[in-house]
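*Asks:*
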Amino acid sequence: MSKSLYQTLNVSESASLDEIKKAYRKLARQYHPDINKSPGAEDKFKEINAAYEILSDPKKKAEYDRYGDSVFSGQSFQDFSRSHGSAGFDDLLNEIFGKKGGYNNSEGGWFGSSFFGFGNNDVKSDLDIHANITISLKSALNGDTVSLNLHNDYFNLKIPRGITDGSKLRAKGKGKRFGNSRGDAIITLSIAKEKGFEIDDINVIQDVDIPLKLMIFGGKLDIETIQKSPLSIKIPANMQNGQKVRIENMGFVDKNTGKTGDLLLRLNVVLPKQSELSPQLKEIMEREL
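This is how it looks when you write it as structure tokens:
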């Protein structure tokens, strides 16, 4: 049984989906009418798209594998389409596969709006570029706009508030060009380490130095934070070195749940110098501690 669609893509009938995709991408670039101005290139490009639209879809492929070129009245798809003059490929396939239940007009045909252009998602994704950038902890927590230069293309990238380390942002239309199409820039973010801070999932841990008096007796203290400065916090009495005070909703944002993490202030006691203590206080401390 002749199956010309495989010949169109230069693949065997046992080719895997990955092999079909690879062959399609190569041929689509070669015959795209924006690149190839030779006579017949546009028709060849449409035939390549037609073959891929069928062979890349398991249901449509199974339908074609069952009947082969017999659905084209025994002709190859190329000869069949030429014999129908200016008829559109969608109309031809509707005529052929519609009789066998393989065509669903409610979905706009097997080729869809991208058939006569270079809009296929697989090819489009091949135009995407990938980049990695490092942003400050402040930019990640508060949101920011950073200026980028990718392949001599300058643009601004908006950083959402609370974005987490390793997140990816898509800059539309900032990828590679091919004809009238252009891919996107997929940008992976890394958050720079900052002294005195740690990242704990969607929470931020900040080290804060606390006088011994406040650790023992408690009280209020104004501190500098990335999100808000100054921030007035209440220190409970009898805190131990390394204990944490939680400030809600000042961390990162979970992209899956939308939940905002917290700021955890890790208290580090600052001991007074003995030389700064009065003789009376030193005597009391030596006796009581």
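So for the sequence shown, my numbering puts the first residue at 2; every next one is plus one. Glycine included, C-beta positions come from ideal geometry on N, C-alpha and C.
Write down every uninterrupted run of the beta strand (DSSP E) in the segment 198-236 whose length is 3 residues or greater and which is fully enclosed by it, in chain order.
*Replies:* 198-201, 204-212, 220-224 and 232-236
*Asks:* Just reading off the alpha helix (DSSP H) that S140 is part of, what are its end residues?
*Replies:* The residue labelled residue 140 in the question sits at position 139 within the sequence shown. Its alpha helix (DSSP H) spans residues L138 to N143.
*Asks:* Return the residue from the list D208, S137, N157 and S5 that minimises the CA-CA distance to T146.
*Replies:* Residue 146 sits at position 145 when you count from the first residue of the sequence shown. The shortest Cα separation from T146 among D208, S137, N157 and S5 belongs to N157.
*Asks:* Could you check which residue in A63, D210, T226 and D58 has the C-alpha nearest to that of L138?
*Replies:* By 1-based counting over the sequence shown, the position of residue 138 is 137. The option with the nearest alpha carbon to L138 is T226.
*Asks:* Which residue wins for smallest C-alpha separation from L190, given the options L151, T135, S15 and S3?
*Replies:* Along the sequence shown, read from residue 1 onward, the residue named residue 190 stands at position 189. Checking every option, the nearest Cα to that of L190 belongs to T135.
*Asks:* Please determine, among Y32, E48 and N50, the residue with the shortest C-alpha to C-alpha distance to A42.
*Replies:* As a position in the sequence shown, residue 42 is number 41, starting the count at 1. It is Y32 whose Cα lies nearest to the Cα of A42.
*Asks:* Hey, could you find the ends of the beta strand (DSSP E) R343 is sitting in?
*Replies:* In the structure displayed, the chain extends from 2 to 290; residue 343 sits before or after that span and is not available.
*Asks:* Would you mind working out which of L232, Q275, L10 and L278 sits nearest K47, comparing C-alpha positions?
*Replies:* To locate residue 47, count along the sequence shown from 1; it is residue 46. Its Cα nearest to that of K47, the residue L10 stands out among L232, Q275, L10 and L278.
*Asks:* I'd like the list of long-range same chain contacts for S230, defined as Cβ closer than 7 Å, with 5 residues on each side in sequence excluded.
*Replies:* Here residue 230 refers to the residue found at position 229 when the sequence shown is read from its first residue. Correct list: empty, nothing qualifies.
*Asks:* Do the CB positions of V12 and A24 come within less than 8 Å of each other?
*Replies:* Counting from one through the sequence shown, the residue named residue 12 turns up at place 11. Counting from one through the sequence shown, the residue named residue 24 turns up at place 23. At a Cβ-Cβ threshold of 8 Å, V12 and A24 count as neighbours.
*Asks:* L190 lies in the beta strand (DSSP E); which residues open and close that run?
*Replies:* Residue numbering aside, residue 190 sits at position 189 when the sequence shown is read from its first letter. From DSSP, the beta strand (DSSP E) with L190 extends over A186 to I192.
*Asks:* Here's a check: name, in chain order, each residue in its chain whose Cβ is nearer than 6 Å to the Cβ of P212, leaving out the five neighbours to either side.
*Replies:* One-based indexing of the sequence shown puts residue 212 at position 211. Closer than 6 Å at the Cβ level, and outside the excluded window around P212, lie V271.
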